[in-house]
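Just so you know, the sequence shown maps onto residues 9 to 124 in our numbering.
Where a beta carbon is used, it is the ideal one built from N, C-alpha and C, also for glycine.
Down below is the structure, laid out as structure tokens.
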Amino acid sequence: MGLRMITDVLEGAGYETIYLGADTPLDGLLASIERWQPSVVALGATAPWSGSVLVEAVRAIRAASPAMPMVLGGAQAERAAAAAGDGRIFLAADAESVVVVVVSAVAAGERKQAVG
Numbered sequence: 009m010g011l012r013m014i015t016d017v018l019e020g021a022g023y024e025t026i027y028l029g030a031d032t033p034l035d036g037l038l039a040s041i042e043r044w045q046p047s048v049v050a051l052g053a054t055a056p057w058s059g060s061v062l063v064e065a066v067r068a069i070r071a072a073s074p075a076m077p078m079v080l081g082g083a084q085a086e087r088a089a090a091a092a093g094d095g096r097i098f099l100a101a102d103a104e105s106v107v108v109v110v111v112s113a114v115a116a117g118e119r120k121q122a123v124g
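Right, here's the structure in full:
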């Protein structure tokens, strides 16, 4: 499922979202995260070649924002989550689960902020 569709679902559930296209370079993604300070970052990758790009993005986000919860979707999501190896990665399998997954990710981020 594409992130554009996920963005629409989240907006329908009352979340404020910012959508960056697949052509956004990694440094642009990191700059956007720094500027907007989101509660959660959602990334997706479906093409087999895009798995390494997703892994690179997850690692770069983790290096820049160690406590940032991330929601991953698409066929390459499990690979990227395994490469990240931490509990702040949430997988969204479909449109029906994405709101529940984002609620969990936001809650995880709030707990980290409250504790840290």
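Worksheet item: isoleucine 97 lies in the beta strand (DSSP E); which residues open and close that run?
Response: 97 to 100
Worksheet entry | Reference glycine 93; option with closest CA among Gly52, Arg67 and Tyr27 | Arg67
Worksheet item: With respect to the alpha helix (DSSP H) encompassing methionine 13, which residues constitute its N-terminal and C-terminal limits?
Response: 11 to 20
Practice prompt. Can you give me the start and stop residues for the alpha helix (DSSP H) that valine 63 sits inside?
Written response: 59 to 72
Discussion item. Buried or exposed, going by whether 16 or more other CB atoms sit within 10 Å of the CB of glutamine 45?
Written reply: exposed
Worksheet item: Cβ of threonine 15 within 7 Å of any heavy atom in the ligand SAH?
Response: The ligand SAH is not part of this structure, which contains no ligands at all.
Worksheet item: Roughly how many whole angstroms lie between the Cα atoms of glycine 59 and glutamine 84?
Response: 5 Å
Worksheet item: In chain order, what residues of the same chain have a beta carbon less than 8 Å from the beta carbon of glycine 117, not counting five sequence neighbours either side?
Response: Ser47, Val48, Ala75, Met76, Pro77 and Arg96
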